[in-house]
Amino acid sequence: MKFKFPLQKVLEHRKIKENLAQKDFQEAMMLLNEENARLEQMLQQKTGAHTQAGALSSQGGAQGPALTQIHEFLKGQEILIHKQKQKIQEIEKLVESKREVLRQAAQEYKIMEKMRENKFEEYRHERLAQDQKEMDEQSILRFKAVKES
């Protein structure tokens, strides 16, 4: 008699659910990392523009139009950076919700896995007891056969 867990389909379903939640979480983390990299790039562009403006103003001369252009770029960049930070906050909320879904799915799977292990232990103990009982019966029959002869 082989061990068969009665809720094997449920266990498999919960494992699939956990895998899908893991995939969703990883996709959300990847999106968060991409958006953080985009923000970092914007900040580097802003720093580069500040450096360029400093170099132009130290040169002197007729640098007015170039400085104005850099100033307008910096104002636009500030707006973009602010929007990017808001977008990152929204994505962080999404990542947290995906993390919670993943945690819940993992917990549900672990519960079923533990139940399966407990059922297997019960089966193993019953099997050992049954085997011991059969061996005892065989010993008794052999003893009777030896005694009668």
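In our numbering, the protein residues as written are 384 to 532.
C-beta: ideal position from N, C-alpha, C; glycine also.
Just so you know, these numbers come straight off a predicted model, no measurement behind them.
key: Close-in-space but distant-in-sequence residues of the same chain around Met495 (CB under 7 Å, 5 per side omitted)   = Correct list, in chain order: Leu390, Val393, Leu394 and Arg397.
request  = Counting only the same chain and skipping the five closest in sequence on each side, list residues whose C-beta sits under 8 Å from that of Leu524.
outcome  = Same-chain partners within the cutoff: there are none.
request  = Give every residue of the same chain whose Cβ lies closer than 7 Å to the Cβ of Leu477, excluding the five residues on either side of it in the sequence, and list them in chain order.
outcome  = Non-local C-beta neighbours of Leu477 in its own chain, meaning closer than 7 Å and more than five positions away in sequence, comprise Ala411, ordered along the chain.
query = What does a CB cutoff of less than 8 Å around Glu418 pick up in its chain, not counting 5 residues either side in sequence?
reply = Only Gln467, Lys470, Ile471 and Ile474 meet the Cβ criterion.
task = Would you decide whether Phe408 is buried or exposed? Buried here means 16 or more other CB atoms lie within 10 Å of its CB.
result = Flag for Phe408 reads buried.
inquiry  = Please state whether the Cβ-Cβ distance between Phe456 and Ala432 is less than 7 Å.
reply    = Ala432 is positioned such that its CB atom lies closer than 7 Å to that of Phe456.
request  = Please name the residue, chosen from Glu504, Glu520 and Lys527, that lies closest to Lys359 on a Cα-to-Cα basis.
outcome  = For residue 359 there is no data in the structure shown, the boundaries of the chain being 384 and 532.
inquiry  = Using only CA atoms, which one of Thr430, Gly444 and His465 lies nearest to Ile453?
reply    = Ranking Thr430, Gly444 and His465 by Cα distance to Ile453 puts Thr430 first.
task = With DSSP collapsed to three states, give me the class of Lys468.
result = Helix, per DSSP.
request  = Mind reading off the beta-carbon distance from Phe533 to Arg499? Whole number of angstroms is fine, and I expect it under 8 Å.
outcome  = One cannot answer for residue 533 here, as it falls past the ends of the chain, which runs 384 to 532.
message = So, with DSSP's three-state summary, where would you put Met384?
response = Under the three-state reduction of DSSP output, Met384 falls in the coil class, being neither helix nor strand.
inquiry  = Taking the beta carbon of Lys516 as the centre, do at least 16 other beta carbons fall within 10 Å, making it buried, or is it exposed?
reply    = The residue in question, Lys516, is exposed, as its Cβ has fewer than 16 Cβ neighbours within 10 Å.
key: Cutoff 8 Å; reference Arg482; Cβ partners in own chain excluding five residues on either side   = Take Arg482, set aside five residues on each side of it, and the residues of its chain with a beta-carbon closer than 8 Å to its own are Phe408, in chain order.
inquiry  = Quick check: the Cα distance between Gly444 and Met425, rounded to an integer number of angstroms?
reply    = Cα to Cα, Gly444 sits roughly 29 Å from Met425.
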